[in-house]
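Some notes on the structure that comes next.
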């Protein structure tokens with residue numbers, strides 16, 4: 308899914324959220340240790356569908 312200035316996500320059974328990514332001055336990383344596609348390697352963390360597995364790796 309390509310990123311736009313307004314990023315939206317609907318969690319199954321959860322809340323629909325919209326965030327203005329332009330208001331965040333630095334990098335945004337997605338972390339989800341329970342995701343099947345989660346990994347602590349390069350190329351992950353930039354998308355909620357392929358998140359980092361741990362906070363430690365995300366903040367380095």
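In the numbering used here, the protein residues as written are 308 to 367.
Here a beta-carbon is modelled for each residue, glycine too, at the ideal position from N, C-alpha and C.
Does the ligand GTP have a heavy atom nearer than 7 Å to the CB of residue 367?
The ligand GTP is not part of the structure shown, which contains no ligands of any sort.
Residue from 358, 312 and 341 whose Cα sits closest to the Cα of residue 332:
312
Could you name each continuous beta strand (DSSP E) segment of 3 residues or more that falls completely within the stretch 315 to 352, going from the start of the chain to the end?
The stretch 315 to 352 contains these whole beta strand (DSSP E) runs: 323 to 327.
If you follow the alpha helix (DSSP H) that residue 364 is part of, which residue opens it and which one closes it?
362 to 366
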